[in-house]
Every structure is written in C-alpha cells, then in structure tokens.
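Colleague: Dropping the structure in here first, questions after.
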Ligand code: ACO
C-alpha cells in the first residue's frame with residue numbers, strides 16, 4: 049500500500065498521507081494543503097473529492113456493484129423487505145426477529161399525523177408539486193413534535209417516526225390533491241401494503257392488495273434506500289454539519305432530490321417517453337437529438353456520475369417491471385419505447401464511448417405506473433425510499449469526530465477592488 053503522495057509546488061515538496069478504504073479505494077488526504085502551500089483544490093461537482101469516511105454503502109461504478117453494509121443489493125432485493133433494509137442501514141446490522149417486530153410496532157404506533165398538520169395540505173394551492181409539500185411538511189415536524197429533538201427522546205424512535213409519517217404524508221397529499229377522503233393507516237398491514245392501501249382504497253371499490261405489487265414496492269424502495277454521497281445525501285450532510293435539527297436536514301435532502309438531474313429524473317423519463325409517443329418521434333431521431341450538443345434534449349434515465357456500466361439497480365428494476373406488467377396483463381406502450389431506446393443507445397458509439405448506460409430511473413417510472421402511482425408522485429416515492437439512507441448518513445455524520453462544519457473555498461474571479469460610484473454619477 050502507498051502511504052504517502054508527494055506534491056511539488058512552487059519548488060516546495062509536500063508529503064501528503066494516503067487513506068485506503070476497506071475495498072481498496074484510495075484517497076490523498078489534503079487537509080494540510082492550504083495551510084502548508086496557500087493552494088486549495090478545485091473540483092466543481094466534487095467528482096474527485098471524498099467528503100467523509102463511511103461504513104454504510106459501497107458502490108463501484110466501473111464494476112456495477114452496490115452493497116448496503118456489505119450486503120449485495122441483488123440479495124436484499126430478493127430476500128429482504130424495505131423495513132428490514134432500513135434497519136440494516138440505520139443500525140448497521142440486520143435485525144433479529146424480535147428487533148424487526150418491535151420496529152414494525154413502532155412504525156404502526158407513529159403512523160398517524162397531528163390533526164393540525166392536515167390543515168397544511170388543504171391550504172396549499174391546487175396543483176402544487178407534492179415534493180414541495182413534502183419538504184415543507186417534514187420541516188414542520190420540528191414545530192409539531194418539538195419534544196422529539198430533546199435529548200430524552202430515544203433518537204431511534206425519531207427515525208421511526210420519520211419513516212412512518214413520511215408514508216402517511218405522501219399518501220395523504222395524493223388523496224387531498226384528488227379531492228378524496230383520507231384513508232387511515234391500518235395496523236394489520238406491512239409498511240408497503242399499508243401505503244398502497246392508503247393511496248388507493250375507497251369505499252366504492254375497495255383496493256385489492258396483491259403480493260406482487262407489494263413485493264415490487266418493497267424492491268423499489270430497497271433499491272432507492274441509499275446511494276452513498278449523491279446530491280441529496282450530500283445536502284443532508286452539508287446542512288446537518290451546521291447542527292440544525294434532523295427535520296430541517298431531511299427536508300433539505302428532499303429539496304435536493306426534487307431536481308430533474310437527480311431524483312426528479314424518474315418523472316423526467318416518463319415525460320420524455322410521453323413526448324416521444326405524442327410527437328411520433330422515431331428512436332433514431334431521439335438518439336440523434338440526445339447526441340446533438342446544440343439541442344437541450346438528453347436521454348433522461350441514462351448516464352450516471354459514478355456508474356460507468358449498467359446500474360445494478362436498473363437491472364433489478366427492469367426485471368421486476370416485466371414481472372408486474374405480465375401479472376397485471378397490462379401493456380404499457382412507454383415500456384416498448386423505453387426498451388427500443390435502450391437497445392439503440394447501447395449500440396450507439398456516442399453512448400458507448402461516454403459509458404452512458406440506463407440508470408435506476410430509466411425503468412422506475414414504468415414500474416411505478418404499473419403500481420398505479422401518478423407521475424407527479426414519482427419523486428416522492430424516491431424520497432420515501434431514500435429516507436433511511438439520509439437518516440443513516442446523518443447519524444454517521446453527527447457521531448463522526450472528524451466532521452466539521454462544511455465550508456468549501458472558492459476561486460474568486462470577479463472584479464478587483466474599485467471605488468463605489470454614487471447613483472447620479474453612474
Ligand atoms: N444523454 C445524452 N448525453 C449525455 C447524457 C444523457 N443522458 N448524460 C451524459 N451525457 C454526455 C454529456 O453531454 C457529456 O458529453 P461531453 O463530454 O461531450 O460534454 C458526457 O456525457 C458526460 O456527461 P456529464 O453531464 O458531464 O456527466 P455528469 O457525471 O456530470 O452527469 C448525469 C451525470 C447528470 C446523471 C447525466 O448523465 C444526465 O444528465 N443524465 C440524465 C439525467 C438522469 O438520468 N439523472 C438521474 C441520475 S441517477 C440519480 O440521480 C438517481
């Protein structure tokens with residue numbers, strides 16, 4: 049193993065320690081750089097910057113590997129449930145049967161919302177995006193449940209309150225936006241079945257829970273549960289580093305996730321596929337548009353900052369989507385377009401040379417459509433799934449002795465000093 053890296057700058061040689069991760073990832077520790085040399089590093093988008101040491105998620109973008117606490121995502125998707133995976137991420141190990149039962153009991157106990165919070169929904173302008181509402185509601189929990197951040201409160205209960213209530217909030221936002229009666233959570237149902245029931249049950253046509261649907265939702269949320277230092281998780285760590293409460297921190301993560309380059313991509317993929325369908329565009333035209341630098345069109349759901357091969361989550365998502373559509377005997381024309389687009393892009397030199405492959409969002413939207421989830425709720429679905437990851441990362445960050453207030457530097461490129469000119473002389 050290399051122990052040091054040497055940097056020669058302005059005739060001065062600086063020896064910098066090297067850090068090695070448990071999977072052989074290497075980093076140069078530049079913490080002394082500015083003090084020793086006056087230089088800083090320049091890395092927009094942090095593509096080459098490690099901001100923390102973490103024991104939560106390992107991903108290898110070249111080999112398409114994703115593991116939570118060391119367990120491959122493929123195994124978790126096959127055998128685990130979302131609640132068990134959430135426990136694994138937050139606690140650092142798989143729960144015993146007793147721990148899992150206790151977790152489910154708490155999730156049930158915490159599933160109702162404060163009566164006054166419901167007024168929030170009713171006063172939002174119609175057609176408000178549910179991500180904006182969700183971010184505000186989670187932030188508001190600080191006011192509605194002030195006792196939760198006191199030291200006396202078992203912090204693990206706060207995590208479970210968040211995980212439980214976000215599901216109720218999301219389903220309630222949907223029902224109210226449709227002008228429908230809110231459905232209360234049912235203690236006899238598991239986390240995912242409960243969500244589907246709160247979304248779709250009604251007095252006229254009772255919702256029939258289906259095992260494959262519940263399994264698909266478990267898989268969807270497991271696949272989204274964590275993804276190391278992505279945009280929203282970085283937002284959580286950055287905001288959390290200021291020692292603000294956990295609700296404001298998670299709310300910041302939700303806001304970051306909303307963007308179409310990040311969690312909003314699942315909605316953007318469906319919008320893209322619908323546009324292709326509506327305008328009768330050929331696959332060849334789409335590929336040409338995506339490659340044209342003067343055209344803002346991008347192949348949404350393709351490309352990833354870290355994965356330079358097929359996203360392992362996309363493979364699982366695609367398989368589950370096929371199972372679900374077969375089961376429901378539903379034909380989704382958008383799936384046909386997606387598959388043709390994927391096939392064409394994977395053969396195209398531009399996409400091959402730039403290592404652009406389908407990411408998790410490419411098939412996520414089609415799976416969600418098969419579950420009956422409306423398009424404007426897609427990113428909310430992602431947020432529910434990502435919550436355990438944000439909590440685990442926040443927990444790790446606040447207990448890490450190396451954590452400091454996040455405060456990057458910049459290279460100033462603005463005007464040099466010049467005098468103020470009074471308004472009548474400008
Ligand atoms: N379609 C067409 N060209 C693309 C695409 C795409 N989807 N993605 C990247 N490229 C091209 C870029 O134009 C760039 O070309 P250039 O080198 O000739 O300038 C090159 O590939 C590298 O792309 P960057 O945007 O520089 O790569 P970066 O790592 O910054 O971006 C990102 C990654 C934002 C995900 C990008 O691939 C993208 O916009 N994809 C579509 C949106 C999307 O699917 N986002 C979801 C990501 S997964 C998640 O967050 C859950």
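Residue numbers (the numbering used here): 49 to 474.
Using N, Cα and C, we set each Cβ at its ideal position, and we do this for glycine too.
Since we're looking at a predicted model, the values are computed, not measured.
With a threshold of 6 Å (Cβ to nearest heavy atom), would residue 208 be considered close to the ligand ACO?
Modeller: Residue 208: no, Cβ never under 6 Å from the ligand ACO.
Colleague: By Cβ distance below 6 Å, which residues in the same chain neighbour residue 348 in space, the five residues on each side in sequence not counted?
Modeller: For residue 348, where only same-chain residues beyond five positions count, the Cβ hits under 6 Å are 313, 316, 317, 320.
Colleague: For residue 295, count neighbouring C-beta atoms within 10 Å of its own C-beta (all shown protein chains included) and say buried if the count is 16 or more, exposed if not.
Modeller: Answer is buried; the Cβ neighbour count reaches 16.
Colleague: Is residue 60 helix, strand or coil when you go by DSSP?
Modeller: Of the three classes helix, strand and coil, the one that applies to residue 60 here is strand, per DSSP.
Colleague: Quick check: is any heavy atom of the ligand ACO less than 6 Å from the C-beta of residue 11?
Modeller: Residue 11 is absent from the structure shown; the chain starts at 49 and stops at 474.
Colleague: In the DSSP output, which residue or residues are listed as bridge partners for residue 119?
Modeller: Partner(s): 116.
Colleague: Mind checking whether the beta-carbon of residue 166 lies closer than 6 Å to any heavy atom of the ligand ACO?
Modeller: Because no heavy atom of the ligand ACO lies under 6 Å away, the Cβ of residue 166 does not count as near it: no.
Colleague: Residue 105 lies in the beta strand (DSSP E); which residues open and close that run?
Modeller: Its beta strand (DSSP E) spans residues 105 to 108.
Colleague: Comparing C-alpha positions only, which one of 161, 204, 386 sits nearest to residue 139?
Modeller: The shortest C-alpha separation from residue 139 is found at 204.
Colleague: Quick check on the DSSP output: what are the complete alpha helix (DSSP H) runs of length 4 or more inside the region 142 to 217, in order along the chain?
Modeller: Whole alpha helix (DSSP H) segments, 4+ residues: 145 to 157, 163 to 171, 178 to 192.
Colleague: Over what stretch of residues does the alpha helix (DSSP H) that includes residue 298 continue unbroken?
Modeller: Taken as a continuous stretch (DSSP letters only), the alpha helix (DSSP H) holding residue 298 covers 294 to 305.
Colleague: Per DSSP, which one or two residues make a beta bridge with residue 74?
Modeller: BP columns for residue 74 point to 68.
Colleague: How is residue 53 classed by DSSP in three states: helix, strand or coil?
Modeller: Note: residue 53 maps to strand in three-state DSSP.
Colleague: Taking residue 279 as part of the alpha helix (DSSP H), name the residues at either end of that continuous run.
Modeller: 279 to 289 is the span of the alpha helix (DSSP H), which, as asked, contains residue 279.
Colleague: Are the CB atoms of residue 67 and residue 75 nearer to each other than 7 Å?
Modeller: Yes, the pair counts as a contact, with Cβ atoms nearer than the cut-off.
Colleague: What is the residue span of the alpha helix (DSSP H) that residue 453 lies within?
Modeller: Premise fails: residue 453 is in no alpha helix (DSSP H) and is neither H nor E.
Colleague: Runs of 4 residues minimum, wholly inside the region 314 to 361: which ones carry the alpha helix (DSSP H) assignment?
Modeller: List check, alpha helix (DSSP H) in window: 331 to 339.
Colleague: Between residue 50 and the rest of its own chain, which residues show a CB-CB distance below 6 Å, the 5 nearest in sequence each way excluded?
Modeller: Answer for residue 50: 66, listed in chain order.
Colleague: Ordered along the chain, which non-local residues of its own chain (more than five positions away) have a Cβ less than 7 Å from that of residue 339?
Modeller: Closer than 7 Å at Cβ, skipping near neighbours: 398.
Colleague: Does residue 128 pass the burial test, meaning 16 or more other C-beta atoms within 10 Å, or should it be called exposed?
Modeller: Residue 128 comes out buried.
Colleague: Tell me which residue opens and which closes the alpha helix (DSSP H) that residue 436 is part of.
Modeller: Where residue 436 is concerned, the enclosing alpha helix (DSSP H) stretches over 426 to 446.
Colleague: Just the Cα atoms here: how many angstroms apart are residue 117 and residue 57?
Modeller: The straight-line gap from Cα to Cα measures roughly 40 Å.
Colleague: Measuring only from the beta carbon, is residue 313 closer than 6 Å to any heavy atom that is part of the ligand ADP?
Modeller: The ligand ADP is absent from the structure shown, which contains only the ligand ACO.
Colleague: Based on Cα-Cα distance, which residue from 456, 109, 120, 63 lies nearest to residue 99?
Modeller: The residue with the shortest Cα to Cα distance from residue 99 is 456.
Colleague: Whose C-beta lies closer than 6 Å to the C-beta of residue 84 among residues of the same chain, with five residues either side of it excluded?
Modeller: Only 62 meet the Cβ criterion.
Colleague: Classify residue 474: buried if its beta carbon has 16 or more other beta carbons within 10 angstroms, exposed otherwise.
Modeller: Exposed, since its Cβ has fewer than 16 Cβ neighbours within 10 Å.
Colleague: Does residue 110 have its Cβ less than 7 Å from a Cβ in chain B?
Modeller: Note that chain B does not occur in the displayed structure, where there is just one protein chain.
Colleague: Check whether the Cβ of residue 338 sits closer than 6 Å to any heavy atom of the ligand ACO, and report yes or no.
Modeller: It does: the Cβ of residue 338 is within 6 Å (strictly closer) of some heavy atom of the ligand ACO.
Colleague: How about residue 346: is its Cβ closer than 6 Å to a heavy atom in the ligand ACO?
Modeller: At least one heavy atom of the ligand ACO is nearer than 6 Å to the Cβ of residue 346, so yes.
Colleague: What's the C-alpha gap between residue 199 and residue 206?
Modeller: Low confidence applies here, because residue 199 scores a pLDDT of 49, under 50, leaving its location unreliable and the question unanswered by this model.
Colleague: Thinking residue 270 and residue 130 are a contact (beta carbons under 8 Å), I'd like their distance in whole angstroms, please.
Modeller: Yes, they are in contact, since the Cβ atoms of residue 270 and residue 130 sit about 6 Å apart, within 8 Å.
Colleague: Would the beta-carbon of residue 396 be found less than 6 Å away from any heavy atom of the ligand ACO?
Modeller: No, since every heavy atom of the ligand ACO falls outside the 6 Å radius drawn around the Cβ of residue 396.
Colleague: How many Å lie between residue 135 and residue 443 at the Cα?
Modeller: Their backbone Cα atoms lie some 13 Å apart in a straight line.
Colleague: Using CA atoms only, rank isn't needed, just tell me which of 459, 470, 402, 468 is closest to residue 90.
Modeller: The shortest Cα separation from residue 90 among 459, 470, 402, 468 belongs to 459.
Colleague: Considering only the beta carbon of each residue, do residue 105 and residue 274 sit closer than 7 Å?
Modeller: In contact: residue 105 and residue 274 (Cβ atoms closer than 7 Å).
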